[in-house]
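What follows is a short report on a single structure.
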Amino acid sequence: MGRFRAWVAGAALLTGTASVAAPVGRPLLGPLLSEQQRQVYQTNEARQKAEKGIPYTALGEQPPLGAEANASICFPIRRIETDPYRLLDRREVEAILREYRGRCDTIADLLELVRRINNLYIRGSYITSLAYLRPQDLSDGVLRLSIIEGSVGRVLGVGVNPGPVFLGVSGEPLSLRDLETRLDLLNRMGSLRTTMKMLPGAKTGQTDLLLRGERIGSRWHGSLGMNNFGYRPTGRVQLSGTLGIDNLLGINDVLDLHLNTTDRARNSLSRGLSYRFPLGKNLLTLSYTYYHYRQRVPGTLQEYLSEGRSRDLELKVERELFHTLTQKGVLSAGIARRINTNTLAGVRLESSDSRLTVARLGYTHSFTGERSEGFAALELQQGLRLFRTRAPLGTKATFSKLLLDLGWTRRFARRSDGFYAAWNLSAHGQWSVRDIPGSEMISVGGPYSVRGFRETGQLSGNTG
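Read in order, the letters of the sequence shown are residues -21 to -1, 1 to 443 in mature numbering (1 follows the signal peptide of the UniProt record, and there is no 0).
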C-alpha cells in the first residue's frame, strides 16, 4: 500500500454523518492526493483547450497512485505555508486559507483548497499558474502549499515580426487576456492573419510563444468613392480615394493616404495621411490633414471670394483596458495642433483665424452580439497654451468641451452569398460652458441632417 499505509492502518473510524479520525504516528500526505490533483488539472486543461483553442504548458507527471482514499481520515492543520506569489491578492488568498486552519482537513478538503486557489489564477487569466500539494509529512500540523506562477519564455515569430507588440514580455507573468490583446494588434493588418501557439519552455513554469503569420491578401489596399453629399458653392459631387500599405517598415505598421475633392476641384480639396503602429499594448497614430476651400459670397454690389485653409496634426495613443467575449474598453489620449486661416477678397480675417493646441482624453466602450453591435464614446478636450496659440475674438485658446458619441447597429439574417442588410442609429453631442473657437463648435448640416440645412449651410454652437 506504500507510504499511505502508515496512517491508514492506525486510524480509528467513527460512524455518523461526519466521520473523523485522529491520525496515529507520522501522517503523510502521499501520492494519492498528487494523483487526484493531476487529474483535476488535466480536466481543467482540457476544458480550457476546448474553450480557447490554445494549448497549455503541461506539468511533469506526479508520483503514481499508491492507495485508495479514505474520506474519513483527516489531518490536523494548525498552519498553512505557501510558496512566494505575486499575482494574487493576498487578502483573497488569506481569506481562503483561514477556513482550513485550526481544524482537521480531509483529502477532499485539501483538494478543494487547491481548487479555490487555482480558480483565483484562472479568474485573473493566469492560465499557466498553478497551486498544488507535494507529498509531505504533516506530523507537525503544517501544510505546505506549492505554487508555480507561469511566465513567458521566448517569443518566436514565423512570417511575422512580434518584436514591437511583444516588447518586454519575456520573463513576465503569462496572462491570457494580455496575450489576446497583443494578438489583436498584430491582426489589425488586413493582409496578414497571425495565430499563436504555446509551447513548453526551457524552465519550470515557463511557456514559449510561437506566432505564425499567414499572408491572406496584398499589402496594398485602397478604395474609390463618389457621392453627391457636397454643397453647390464648393462642388455638389464629391470624389474620394484612399491608398494604403501594410507593414511598410516591418513593424506591423499601416500607412494610409487620403484624398477628397469635388467636381469643382479648385473650390474644395482635402488630403491627409495617417500612420499607425503598435508598441507593446499601445496603438500609436500620427495623422495630418490639410483642407482648402474657396467660394464666392454675394455682396451688395458684387461677389467676393472667400477662401480658407485648415491644417491638423495629431498624435494619439490608444490602449485596451479590458475585453471579454462580448465587450471591450479602450482608453485614448492625444494632442493635436490645429491651424485655421480665412480670407475675404484677399484680406485676412484675423478675427476668425486660430492656432490651437488641444489635448484629448477619452474612453470607448463597445459590445458585440449575435446580430447587433454598438459603442459609447466619451471624450474630454482641453485647449492648452502651447506653441504660440491664438484664438478668435471673443473666445479663449484654453477652452474645454465634452463630447459624447453613441452608436448601435442591428444586422438582419445573412444571405447564403455572404451579404446582409443592417440598420443603425447614431447620436453625437457636445457640451461646453463658455464660447469656444468656431472650428471647435458642433455643427448641423449634410445629407443626414434635418431637411433644409443642406442648401443653406450649417448651424453651429457651443453645445448641442
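Cβ coordinates follow ideal geometry from the N, Cα and C atoms, glycine included.
Along the chain, which unbroken stretches of the beta strand (DSSP E) at least 3 residues long are found entirely within the stretch 154 to 225?
171 to 179, 185 to 194, 199 to 206 and 217 to 225
Residue closest to Gln281, alpha-carbon to alpha-carbon, out of His271, Leu323 and Ala312:
Leu323
Alpha carbons only, please: which of His302, Ile224, Ala87 and Leu188 is nearest the one belonging to Asp163?
Shortest Cα-Cα distance from Asp163 to any of His302, Ile224, Ala87 and Leu188 involves His302.
I need the straight-line Cα distance from Gly386 to Asp291, nearest angstrom please.
26 Å
Could you pull out every unbroken alpha helix (DSSP H) segment of at least 4 residues lying fully inside the stretch 45 to 103, listed in chain order?
69 to 77 and 86 to 102
Buried or exposed, going by whether 16 or more other CB atoms sit within 10 Å of the CB of Tyr100?
buried
Length of the line joining the Cα atoms of Phe208 and Arg156
C-alpha separation (whole angstroms): 43 Å.
Answer with buried or exposed for Lys380, where buried requires no fewer than 16 other C-beta atoms within 10 angstroms of its C-beta.
Burial state of Lys380 is buried, judged by a 10 Å Cβ sphere holding 16 or more other Cβ atoms.
So is Val412 buried or exposed if we call it buried at 16+ other beta carbons inside 10 Å?
exposed
Can you tell me whether DSSP reads Gly417 as helix, strand or coil?
helix
Please report how far the alpha carbon of Glu60 lies from the alpha carbon of Tyr79, in whole angstroms.
Going from the Cα of Glu60 to the Cα of Tyr79 covers about 12 Å.
With which residues is Lys295 paired in a DSSP beta bridge?
Lys295 pairs with Thr264 and Gly313.
What does the alpha-carbon distance come out to for the pair Ala406 and Asp384?
6 Å
Can you grab the Cα-Cα spacing for the pair Ile127 / Leu357, in whole Å?
Using only the alpha carbons, I get a separation of about 41 Å.
CB contact flag (Gly259, Leu190, <8 Å)
no
So, at 6 Å on beta carbons, what are the nonlocal neighbours of Gln306 in its own chain, with the 5 sequence-adjacent residues on each side left out?
Phe346
Measuring CA to CA, which of Arg334, Leu359, Arg364 and Gly278 is closest to residue 446?
Because the chain in this structure spans residues -21 to 443, residue 446 falls outside the shown range and cannot be described.
If you draw a straight line from the C-alpha of Glu286 to the C-alpha of Ser351, how long is it?
44 Å
Nearest to Asn140 by CA position, among Asp88, Ile96, Pro63 and Leu227, is which residue?
Leu227
Would you kindly check if the distance between the Cβ of Leu117 and the Cβ of Ser125 is under 8 Å?
no
For Thr240, count the other beta carbons within 10 Å of its own beta carbon; 16 or more makes it buried, fewer makes it exposed. Which is it?
buried
6 Å Cβ shell around Leu340 - same chain, five flanking residues per side excluded
Ala312 and Leu359
Suppose the cutoff is 7 Å on Cβ atoms and the five residues either side in sequence are ignored; what does the same chain contact list for Leu372 look like?
Correct list, in chain order: Ser330.
Contacts around Arg430, its chain only, beta-carbon distance under 7 Å, and the 5 residues preceding and following it disregarded:
Because the pLDDT of Arg430 is 46, which lies under 50, any placement of that residue in the model is unreliable, and the number read from its coordinates should be weighed accordingly. Take Arg430, set aside five residues on each side of it, and no residue of its chain has a beta-carbon closer than 7 Å to its own.
DSSP three-state call for Asn321: helix, strand or coil?
strand
Ignoring anything shorter than 3 residues or poking outside the stretch 346 to 393, list the beta strand (DSSP E) runs there in chain order.
List check, beta strand (DSSP E) in window: 351 to 363 and 379 to 390.
Report, in whole angstroms, the separation of the C-beta atoms of Thr377 and Asp414, which I expect to be a contact under 8 Å.
Contact doesn't hold; Cβ gap of about 12 Å is too wide.
What distance in whole Å lies between the Cβ atoms of Val296 and Leu263, which are believed to be in contact at a cut-off of 8 Å?
Yes, they are in contact, since the Cβ atoms of Leu263 and Val296 sit about 6 Å apart, within 8 Å.
Span of the beta strand (DSSP E), counted from its first residue to its last, around Asn403:
Ala401 to Trp410
Report the residue from Leu248, Asp187, Gly184 and Ala315 whose alpha carbon sits nearest the alpha carbon of Gly214.
Among Leu248, Asp187, Gly184 and Ala315, the Cα nearest to that of Gly214 belongs to Leu248.
Proximity of Gly129 and Pro114 at Cβ, strictly below 8 Å:
no
So who's on the other strand from Pro277, going by DSSP bridges?
Under DSSP, Pro277 takes part in a beta bridge, and its partners are Glu282.
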